[in-house]
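Residue numbers (the working numbering): 183 to 310. Single-structure report; data block below.
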């Protein structure tokens, strides 16, 4: 199976956080699953790190790259087709990062691993 990680899911996985659900943890740990990280997630991490709202053991460019390699996660680029569909989403979620992840999830047919209950109100498959 394939799935897309929300930003907090990516961070919680790497921090071995107890906030990560058992379902999400088992899904990510299953070597048969393909786990995607969106460029949206790396963008959000970089912004939060730069503002001092996210502490990482190394700069984001190293932290993310090392974890993608270590866990064999796949990169999902942001396409123009993704950005041009965001306006079609109901105005339920205000976070622009999450709105783009929702569109990517829909368009790429990737379930989204997220604890965000607001995202679950959209027509996307959520695994948690």
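Beta carbons are placed, not taken as given, at the ideal position from N, Cα and C, and that holds for glycine.
The C-beta of residue 286 has 16 or more other C-beta atoms within 10 Å across all chains shown, which makes the residue buried. Non-local beta-carbon contacts of residue 194 in its own chain, meaning distances under 7 Å to residues more than five positions away in sequence, involve 201, 202 in chain order.
Under the three-state reduction of DSSP output, residue 297 falls in the coil class, being neither helix nor strand. Ranking 223, 205, 209, 216 by CA distance to the CA of residue 192 puts 223 first.
Straight through space, the alpha carbons of residue 297 and residue 230 are spaced by roughly 19 Å.
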